[in-house]
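Structure first, then comments.
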Amino acid sequence: MSGKTQNAESAEALVKQYFAAFNVGDVDGMLACLADDVAHDVNQGGRRTGKTQFAEFCAHMSRCYRENLTDIAVMTSLDGARASAEFTVNGTYLADDEGLPPASGQTYCLPAGTFFEIADGKIARVTTYYNLNDWIGQVGGGQ
1 MSGKTQNAES AEALVKQYFA AFNVGDVDGM LACLADDVAH DVNQGGRRTG KTQFAEFCAH
61 MSRCYRENLT DIAVMTSLDG ARASAEFTVN GTYLADDEGL PPASGQTYCL PAGTFFEIAD
121 GKIARVTTYY NLNDWIGQVG GGQ
């Protein structure tokens with residue numbers, strides 16, 4: 001994931017643009033922030049590569065979950081090549097997701113974080129982490 005980097009301020013603006021699109025359900029807006037060959041690593045899952053696989057993931061998530069991110073704190077490297085964000089996920093579990101407890105509209109609130117690699121003014125890697133056991137406990141699957 002080589003390529004020209006940008007400065008910390010533009011990296012921060014790009015990440016904030018990505019999260020703003022997420023929070024209004026604007027998948028096209030999220031995709032506009034991504035490199036064509038974006039690497040997308042999801043907690044408890046494998047790597048997806050490219051905008052098509054990212055969009056498919058977003059469609060699945062929209063079917064199963066409604067989420068809004070709050071308390072977003074973005075941090076960037078001085079050269080703008082990397083960024084991270086810590087935030088709170090406020091969600092509703094809408095439809096059963098494979099291998100997880102049944103959905104019945106349960107709500108949840110949990111801390112999460114995402115790491116970004118940025119090149120040529122686009123997000124080249126998105127890696128998200130959260131505590132899956134905490135989420136399972138909140139939706140009633142932990143007991």
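Residues 1 to 143 in full-length UniProt numbering are what the sequence shown lists, from first letter to last. For each residue, glycine too, the CB sits at the ideal point set by N, CA and C. Here the structure is a predicted model, which means the values were calculated and not measured.
R63 versus A95: straight-line alpha-carbon distance, rounded: 7 Å
Residues near Y130 in its chain [Cβ-Cβ closer than 8 Å; skip 5 each side]: N43, V89, L110, P111, A112, G113
With a threshold of 16 other CB atoms inside 10 Å of the CB of E56, please say whether the residue is buried or exposed. exposed
Is A59 closer than 8 Å to V74 when the C-beta atoms are compared? no
Does G91 pass the burial test, meaning 16 or more other C-beta atoms within 10 Å, or should it be called exposed? buried
To the nearest angstrom, report how far apart residue 177 and G141 are at their CA atoms. Because the chain in this structure spans residues 1 to 143, residue 177 falls outside the shown range and cannot be described.
Taking only beta-carbon positions, decide if G50 is within less than 8 Å of chain B. This model lacks chain B altogether, as it is built from one protein chain only.
Among A8, I136, Y18, G121, which residue has its Cα nearest to the Cα of I72? Y18
Closest residue to W135 among H40, D79, P102 (Cα-Cα distance): P102
Beta-carbon separation (whole angstroms), F116 vs A83, contact threshold 8 Å: 4 Å
When DSSP builds the beta bridges, which residues end up paired with V74? A85
Tell me which same chain residues have a C-beta within less than 6 Å of the C-beta of R125, skipping the five on either side of it? A39, E117
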